[in-house]
Amino acid sequence: MHEHAAQLLDDVRVERIGPDGPEVRYRARLSEAWNFFMPSGGVLTSIALRAMAAEVGDDWRPISTNTIFHEAIEDGPLEVWVHVLRRGNVATQLRAALGPAGDDPRMEVQATFVRGRRGPAVVPREYPADLLPAEACEPYWRSRTPLPFFRHLDTRLAYGHRHWVSEWEPGPARCARWFRYRQPPLREGRLAWEAYPPLVDTMPAALFEALGSEHPRMYAPSLDLTVHYLAETRSEWVLAHARAIWAADGWASAEMELWDEDRRLLAYGTQTMMLRSLPGERVTSGR
């Protein structure tokens, strides 16, 4: 345990205020602890996910969230408006709108929650066998103070570069890091679903691998974030394996896989991003 590390489940907690027309309103607070250069879209998604989970009940689990960010949100008091679109026997769809308290919504999340059913088990996506386990990888931040978000995670580099350390040539648009929450966000001994979006929302580093160390510094605010919640895990370490799949005209697209130490696929995510410049001469990874 790290006493100064934030507990994610505390920071995505919501309080039900009550019905507001066809919607139910929740109160939350966005902590600055989980910022990159701006608040983590993954953490914001987790706040909305928590509110929607409260509406459907404990016998449902999320299978997907689709988030659109249409205006920046700063840390501080938030309100979440949850609307149940359809409540079925085995699948329920909801919409959540989130924004600063007393202001208009600045992001929207659509989610599907499901109950277990019988069916085939097929995982065609293969584990990236060229990557070493967490204990064989070196710490990522050993020579640099990380951005606030990463101060609450142990991070090991499985594939890619420390973008601030040395010169390196452009290569495959791929990055892989092992993450372990310093204050594990567990529910009944398993990593909580709310722990997945913040890890999925670390894709830009894959694009920076393709640019090389001489490219001007950049960061990549999210336009949207899609997460598929595939399996639960008791694993401490989670492998976040990202690939950039396209970039042009100041925009980019990427995908992410989360795997546990037993090589089980936990989540799959996609994202489009806006590329923005930072002052300086070298590439840096905010995420």
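Heads up: the sequence shown is residues 16 to 302, going by my numbering.
The C-beta atom is built at its ideal place from N, Cα and C for all residues, glycine as well.
Values in this document were obtained by computation on a predicted structure and should not be read as measured data.
- Buried is the label assigned to P54, since at least 16 other Cβ atoms lie within 10 Å of its Cβ.
- Per the coordinates, the alpha-carbon of G204 lies some 21 Å from the alpha-carbon of F128.
- With fewer than 16 neighbouring CB atoms inside 10 Å of its own CB, S181 falls in the exposed class.
- Across the set W266, P213, R130 and R157, the C-alpha of P213 shows the shortest separation from the C-alpha of T82.
- As the crow flies, the alpha-carbon of A68 is around 11 Å from that of R110.
- Within the model, the alpha-carbon separation for R177 versus P154 is close to 10 Å.
- The segment 223-231 and the segment 191-209 do not touch, with fewer than three beta-carbon pairs separated by less than 8 Å.
- Annotated as distal: T80 and L59, with beta-carbon spacing of 8 Å or more.
- The segment 243-252 makes contact with the segment 271-287; the number of CB pairs closer than 8 Å reaches 3 or more.
- DSSP places D275 outside any alpha helix (DSSP H); the residue lies instead in the beta strand (DSSP E), whose first and last residues are W266 to D275.
- In this structure G265 does not touch L245 by the C-beta definition: roughly 32 Å separates them, more than the 8 Å allowed.
- Assigned with DSSP and collapsed to three states, I88 falls in coil, not helix or strand.
- A259 is a Cβ neighbour of A269, given a cutoff of 8 Å.
- Between the segment 131-138 and the segment 83-90, the count of Cβ pairs shorter than 8 Å is below three; the stretches do not touch.
- Note on geometry: alpha-carbon atoms of A112 and A173 lie some 36 Å from one another.
- Following the DSSP letters along the chain, one finds V253 inside the beta strand (DSSP E) bounded by residues V253 to A263.
- Remark: C-beta atoms of L93 and P77 do not approach each other more closely than 8 Å.
- In this structure, the alpha-carbon of G56 lies about 30 Å from that of A151.
- In the structure shown, V215 adopts helical secondary structure according to DSSP, grouped into three states.
- Here S46 carries a coil assignment [DSSP, helix/strand/coil].
- In the three-state reduction of the DSSP assignment, T248 falls in the coil class, being assigned neither a helical nor a strand state.
- Within the same chain, no Cβ atom closer than 6 Å to the Cβ of P139 is found once the five residues on either side in sequence are excluded.
- DSSP places W208 within a helical segment (H, G or I) once states are collapsed to three.
- Selection V95, R102 and R28 evaluated against D118 yields V95 as nearest (Cα-Cα).
- Under a 10 Å Cβ-count criterion, I32 is classified as exposed, with fewer than 16 other Cβ atoms of the shown protein chains found around its own Cβ.
- When H230, Q286 and H256 are compared, the shortest CA-CA separation from L293 is found for H230.
- Fully enclosed alpha helix (DSSP H) runs of no fewer than 4 residues occupy 56-71 of the segment 44-124, in order along the chain.
- By the Cβ neighbour-count rule, V105 is exposed, with fewer than 16 other Cβ atoms within 10 Å of its own.
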